[in-house]
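Protein chains in written order, with this note's numbering: chain A, 208 to 873; chain B, 18 to 195.
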Amino acid sequence: MALTDRRPWLMTTGIAILALGVAAIVAPEAVPLSVSPNLVPLVAVLALALAYPVFVRRLRAQRTFRRHGDPELPAVRSPADVERIADFYEHDTWKRHHLQCVALDVLTQHGEYSRPEAVRALDRGTWTDDPYAATFLSDSYILEPWFSLPRGDVQTRRSLLDDEYAVDPPATARVRALIAPEPGDDYRYRRAATELDAYTETPLTSRCPLHRRWLRRLSAMSGTERGSDGATGSCPPDGTNTEGDVRTTNHWRGISAVTLACVSVGVLVGNPALILAGSVGVGFAAYTRFARPIQPQLRVERDVSRNRADPGDRVDVTVTVTNESDRVLPDLRLIDGVPAALPVVDGTPRHGAMLLPGASSSFSYAVEARRGTHQFEPLSTCVRGVSGVYETELAVESRTVLSAEPDWRPADGSLRPTDALALDPGEFPTMRGGDGVEFFTVREYRHGDPLGRIDWNRRARTGELTTLTFREYRAATVVLVLDAHEAAYAATEPTAAHTVDRMVEGAGRLVGPLLRDGNRVGLAAFSPLDCWVPPARNRTHRAHVRKQLAESPAFGPTPPASELSYRAWFDRFRYRLPSRAQVVLFSPLTDPLPVELARELDARGWSTTVISPDPTADRTAAQRIAGVARQLRVETLREDGVPVREWAPDESLDAVLARASSGGTA
Amino acid sequence: MTERAGQYGVERGPARLSQFLACGAGLFVLGTVGFSSTLSWLLALSGAVLAGSGLFFGRFGSVSAGALVLLLAVLAAGTAGAPTLRVVSAVAATVFLWDVGRNAIDVGTQLGRDASTVRIELIHAVGTLYVAGLVAGLSYWLFSSSVTAPPVALLALLIAGTVLAVAFESHGTTSRSG
Chain A
208 MALTDRRPWL
218 MTTGIAILAL
228 GVAAIVAPEA
238 VPLSVSPNLV
248 PLVAVLALAL
258 AYPVFVRRLR
268 AQRTFRRHGD
278 PELPAVRSPA
288 DVERIADFYE
298 HDTWKRHHLQ
308 CVALDVLTQH
318 GEYSRPEAVR
328 ALDRGTWTDD
338 PYAATFLSDS
348 YILEPWFSLP
358 RGDVQTRRSL
368 LDDEYAVDPP
378 ATARVRALIA
388 PEPGDDYRYR
398 RAATELDAYT
408 ETPLTSRCPL
418 HRRWLRRLSA
428 MSGTERGSDG
438 ATGSCPPDGT
448 NTEGDVRTTN
458 HWRGISAVTL
468 ACVSVGVLVG
478 NPALILAGSV
488 GVGFAAYTRF
498 ARPIQPQLRV
508 ERDVSRNRAD
518 PGDRVDVTVT
528 VTNESDRVLP
538 DLRLIDGVPA
548 ALPVVDGTPR
558 HGAMLLPGAS
568 SSFSYAVEAR
578 RGTHQFEPLS
588 TCVRGVSGVY
598 ETELAVESRT
608 VLSAEPDWRP
618 ADGSLRPTDA
628 LALDPGEFPT
638 MRGGDGVEFF
648 TVREYRHGDP
658 LGRIDWNRRA
668 RTGELTTLTF
678 REYRAATVVL
688 VLDAHEAAYA
698 ATEPTAAHTV
708 DRMVEGAGRL
718 VGPLLRDGNR
728 VGLAAFSPLD
738 CWVPPARNRT
748 HRAHVRKQLA
758 ESPAFGPTPP
768 ASELSYRAWF
778 DRFRYRLPSR
788 AQVVLFSPLT
798 DPLPVELARE
808 LDARGWSTTV
818 ISPDPTADRT
828 AAQRIAGVAR
838 QLRVETLRED
848 GVPVREWAPD
858 ESLDAVLARA
868 SSGGTA
Chain B
18 MTERAGQYGV
28 ERGPARLSQF
38 LACGAGLFVL
48 GTVGFSSTLS
58 WLLALSGAVL
68 AGSGLFFGRF
78 GSVSAGALVL
88 LLAVLAAGTA
98 GAPTLRVVSA
108 VAATVFLWDV
118 GRNAIDVGTQ
128 LGRDASTVRI
138 ELIHAVGTLY
148 VAGLVAGLSY
158 WLFSSSVTAP
168 PVALLALLIA
178 GTVLAVAFES
188 HGTTSRSG
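In structure tokens:
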């Protein structure tokens, strides 16, 4: 701005005129000038007019300060984010269209409608009693022009918590709804989502052949979300400092309007009090003018109560920051870099401090250890002067590592996973008696039975000829495939264990019983990171598989950074997979890829069972819709003949298998 | 932690000490200039309510708007002939509220309520208070001797005030990356 060049000149002129004015008051005789009194109001109005652009500039000036994500919460996403429903499509008609497609699928599968009937029911609103849901999904209803869902701010990791759009809205939203005469479109959207969710509770009724096309369309519209938390930028090597980013906060922008307004109104009205009051504004403007940005020199030490813990343990972290420069740091704001997968359970990783040169300040908090190896991220600091005009941001590195190995609880002795998982009956030991090692039963002698199998003891006792039979013992090959691509890292709530953790623990516990039953067990990861253990059955195999589960980067605590290329992965997998293997796929089914995988494996002759941990919740409309979409995928797989065992968040894998082997379909 | 904070995550409301100080400043303005005239009473009340709601819910816009309306209330009171000391201290208090109130929201959003932020809030508030007190006191002392002034003095003060305010307005530097 040209004004900045003239600023020193302006300043000196201003001070000179001020001196003149003061002299005219204190010693009127010394200043023989006289001006017409009418000039004064004119200039006053001009000054007032000058206040206007200052005001406008203030309005437009963006107040800037660093907004950080929530390091307190683990970096998991709700399935609603994976489905991209929460910040889906800015165009409101697309949102409704998406919900209409979901509704059509739900009505044809769970309602008594055929496809054309479902379309008519939606349009007329006869599918539900709720008037708001009914009108919303009808094409004849015109959406409000300002209808838009909040942009789920994925960067702040709080997008799971859109309280305002929760199905049970908080009191303020209810009050707003009371005042507004007619519920808005967002309310109708919520009601429609609730009604659809209620529909999926009813059992499947019709089998509309056309629904598959719609389901594929629905699946095509969902996609994986690239979640990314606030980047901390490039980090300097441990301990050293680089220059921080300096930024103006625009906190004091517009203070001169105070002066202009007070002085001009004071002059117009003739009240010297207001003119005096204007000097307050000048004083503050000068205060901010002489602010300078600070470049801090900091040293950070992070102390962890232990570096190796068990999952679920509480680990205390103490951070000490020392001011190594010779300047006072009056306003130092610190946010510690809690590892992405760990929740903070006590205290807070944020701190504000004022540091004299050489002084230090410390704060502490506690995290809960989770499976895997976790690297602490650099400490984020923001330094401001007393006036707060400039803000300097700096990231200080201090390398700390926390690791936790999953504890494999001893497997339940009565677990019979091979029966429970409904693997191909021709492949694994059945209830038939035949050749083998383990004694099974005694039957009547048939002509042709080998002499070595005759029960001679019984022949000696009773004179009967009977044959011993032994349990057939054929080795089956089972490959456990764990879905660990980026969409599979989901959780019901931010502090709950995410699905990959649950699947790793479940798979680790399943390996023992499978091996004990005589099967050969292999392991693979459905992820851009490679992990493959060929099926085998030797003494060290269980330990080897568990080691891979615990240490492989494919099953790390945070989602992989790269995207999975399905076709390349499948082509590689299919050459490794033995031809008579059976696949147990662990997957939360949060996106269409694992559905594709299960169907393709099944179609190509590898018998597949899916164990699906359920990551959906029903606190908000978007989460309910994500739950509905997942339910549709489960039903698709079951219709194709792939058994799907659902695994609720509060259940253990033993309960799932027990339910399955007792004959349930869930 | 989950009991104290919101259901998840950090309690991000405005920082408590600064909230308290800003509310105090708002009440001070209401008390000093609120009773000069009906207009100033109305303006001061609505300004205080606006700023108060901005402080409670953590909205920058409301706090700024509230401060602006309070300033208008002071102008109205000055027009109605309020005493000098009241007007000057009320303007100082308005600027204090504007600054400390927005700092409260700032700190609350960045660090949350659970972190110990009393020191940094206090330093900022004390700095603002010091400047306000200094300038208000100085100018009041300087002019307490004479009430009327010749037009040339007024004009000179007016122009000086305008020029200095514009000259001092900090446009700021563009951020340099480290």
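Even glycine gets a Cβ: it sits at the ideal position worked out from N, Cα and C.
As the structure is a computational prediction, the values presented were derived from the model and not from experiment.
Residues near residue i in its chain [Cβ-Cβ closer than 7 Å; skip 5 each side]
| i | result |
| --- | --- |
| Ala691 of chain A | Val707, Ala732, Phe733, Ser734, Ala761 and Phe762 |
| Arg577 of chain A | Pro518, Ala548, Leu549, Ala611, Asp708 and Pro764 |
| Val261 of chain A | Gly461, Ser463, Ala464 and Leu467 |
| Thr525 of chain A | Asp510, Ser569 and Ser571 |
| Leu67 of chain B | Ser79, Ala82, Gly83 and Val86 |
| Thr55 of chain B | none |
Under 8 Å between C-beta atoms of residue i and residue j
| i | j | result |
| --- | --- | --- |
| Gly473 of chain A | Ala464 of chain A | no |
| Val608 of chain A | Leu181 of chain B | no |
| Val511 of chain A | Val522 of chain A | yes |
| Ser569 of chain A | Thr527 of chain A | yes |
| Ser532 of chain A | Pro503 of chain A | yes |
| Leu536 of chain A | Met561 of chain A | yes |
| Arg264 of chain A | Gly461 of chain A | yes |
| Thr699 of chain A | Pro856 of chain A | yes |
Spatial neighbours of residue i in its chain, beta-carbon cut-off 6 Å, leaving aside the 5 residues before and after
| i | result |
| --- | --- |
| Arg840 of chain A | Leu796 and Val802 |
| Asp656 of chain A | Thr674 |
| Leu210 of chain A | Because the pLDDT at Leu210 of chain A is just 42, under 50, the model does not fix this residue reliably, and the value given afterwards should be weighed accordingly. Nothing meets the Cβ criterion. |
| Leu47 of chain B | Ala61 and Ala65 |
| Ala438 of chain A | Any reading at Ala438 of chain A must be qualified, since the residue scores a pLDDT of 27, below 50, and its modelled position is unreliable; no value is offered. |
| Ser53 of chain B | Ala94, Ala97 and Ala99 |
| Tyr406 of chain A | Val313 and His317 |
| Ile176 of chain B | none |
| Pro766 of chain A | Glu693 and Tyr696 |
| Ser869 of chain A | none |
First and last residue of the uninterrupted alpha helix (DSSP H) at residue i
| i | result |
| --- | --- |
| Arg513 of chain A | It is not in any alpha helix (DSSP H) - Arg513 of chain A carries neither H nor E in the DSSP assignment. |
| Thr684 of chain A | Counting along the chain, Thr684 of chain A falls outside any alpha helix (DSSP H), though it belongs to the beta strand (DSSP E) covering Thr684 to Asp690. |
| Pro801 of chain A | Pro799 to Ala810 |
| Leu114 of chain B | Thr101 to Leu128 |
Contact set between residue i and chain A, taken where Cβ atoms lie within less than 7 Å
| i | result |
| --- | --- |
| Ala132 of chain B | Thr555, Arg557, His558 and Gly559 |
| Ser156 of chain B | Leu483 and Ser486 |
Candidates the options, of which the one nearest residue i by Cα
| i | options | result |
| --- | --- | --- |
| Glu712 of chain A | A:Gly592, A:Thr684 and A:Gln755 | A:Gln755 |
| Gly118 of chain B | B:Thr145, B:Asp131 and B:Ala153 | B:Thr145 |
| Cys469 of chain A | B:Gly129, B:Thr126 and B:Ala93 | B:Ala93 |
| Arg660 of chain A | A:Thr648, A:Thr315 and A:Pro323 | A:Thr648 |
| Trp776 of chain A | A:Asp737, A:Pro820 and A:Ala697 | A:Asp737 |
| Gly595 of chain A | B:His141, B:Leu72 and B:Ala82 | B:His141 |
| Ala32 of chain B | B:Val105, B:Thr101 and B:Gln127 | B:Gln127 |
| Ala704 of chain A | A:Thr823, A:Asp404 and A:Ala750 | A:Thr823 |
| Ala750 of chain A | A:Asp778, A:Arg716, A:Gly477 and A:Asp724 | A:Arg716 |
| Thr35 of chain B | B:Asp116, B:Ser70 and B:Leu44 | Per the sequence shown, the amino acid found at residue 35 of chain B is Ser instead of Thr. Of the listed residues, the one whose Cα sits closest to Ser35 of chain B is B:Asp116. |
Endpoints, beta strand (DSSP E) assigned at residue i
| i | result |
| --- | --- |
| Asp523 of chain A | Arg521 to Asn530 |
| Cys589 of chain A | Glu584 to Arg591 |
| Leu88 of chain B | Segment Phe77 to Thr96 is the alpha helix (DSSP H) holding Leu88 of chain B; no beta strand (DSSP E) there. |
| Asp543 of chain A | Leu536 to Gly544 |
| Ser819 of chain A | Thr815 to Pro820 |
| Tyr597 of chain A | Tyr597 to Val603 |
Chain-ordered neighbours of residue i on chain A, where CB pairs are closer than 8 Å
| i | result |
| --- | --- |
| Leu72 of chain B | By Cβ distance, chain A contributes nothing, its closest Cβ being about 16 Å from Leu72 of chain B, past 8 Å. |
| Val92 of chain B | Position check: residue 92 of chain B holds Leu in this sequence, whereas Val was assumed. Those within 8 Å of Leu92 of chain B in chain A are Ala468, Cys469, Val472 and Leu481. |
Where residue i meets chain B, residues with beta-carbon distance less than 8 Å
| i | result |
| --- | --- |
| Tyr259 of chain A | Chain B residues near Tyr259 of chain A: none, gap ~13 Å exceeds 8 Å. |
Per-residue contacts from residue i into chain B (C-beta, under 7 Å)
| i | result |
| --- | --- |
| Thr220 of chain A | Val180 |
| Ser594 of chain A | Gly144 |
| Gly485 of chain A | Gly178 |
| Asn514 of chain A | Chain B residues near Asn514 of chain A: none, gap ~23 Å exceeds 7 Å. |
| Pro537 of chain A | Ile140 |
| His705 of chain A | What His705 of chain A touches in chain B: nothing, since even the nearest Cβ is about 14 Å away. |
| Val526 of chain A | Within chain B, no residue comes near Val526 of chain A; the closest Cβ sits about 12 Å away, beyond 7 Å. |
Close-in-space but distant-in-sequence residues of the same chain around residue i (CB under 8 Å, 5 per side omitted)
| i | result |
| --- | --- |
| Arg653 of chain A | Thr674 |
| Ala566 of chain A | Thr529 and Asn530 |
| Ser759 of chain A | Ala732, Leu736 and Cys738 |
Short CB-CB distance (under 8 Å) between residue i and chain E
| i | result |
| --- | --- |
| Ile501 of chain A | Here chain E cannot be found, since the structure's protein chains are A and B. |
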